[in-house]
Amino acid sequence: MNLTEVQTGEAYTIKAVTTNDEEMDAFLFSLGCYSGEPITVISRIRGGCVVSIKDSRYNIDNQLASSITVS
Numbered sequence: 006m007n008l009t010e011v012q013t014g015e016a017y018t019i020k021a022v023t024t025n026d027e028e029m030d031a032f033l034f035s036l037g038c039y040s041g042e043p044i045t046v047i048s049r050i051r052g053g054c055v056v057s058i059k060d061s062r063y064n065i066d067n068q069l070a071s072s073i074t075v076s
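The working numbering applies: residue 6 is where the sequence shown begins, and numbers increase by one.
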C-alpha cells in the first residue's frame, strides 16, 4: 500500500520509492525517505499529507505520497 492509503498516527516502514524523476528520488533520499526507514503520516491536508521521517516533518502532495510504498 502507499502513503495515501495508510492510517494517520501509525508508524510504517518504507518498502520502495518509485518515481520517474531522478531528481525527486535524490531529493527524497536526502530527506531520509528510502527503503527500510520508518515513516508516519501525522495528518492529512487538502491535496497532501504531513509525514514524519527521522524526527522531521514534511508536507508532501498526494502524487508524491502515492509513489511511496509502505508495509
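Cβ coordinates follow ideal geometry from the N, Cα and C atoms, glycine included.
For C38, which of R49, T18, G52, V11 has the nearest alpha-carbon?
-> T18
Please name the residue in A70, Q68, S57, N7 whose C-alpha comes closest to that of I44.
-> S57
Could you give the distance in angstroms between the alpha-carbon of E15 and the alpha-carbon of F34?
-> 21 Å
Ignore the nearest five residues each way along the sequence and tell me which others in S71's own chain have a CB closer than 6 Å to its CB.
-> N7, T9
In whole angstroms, what separates the C-alpha of C54 from that of D26?
-> 20 Å
Anyone know if the C-beta pair for L36 and K20 falls short of 9 Å?
-> no
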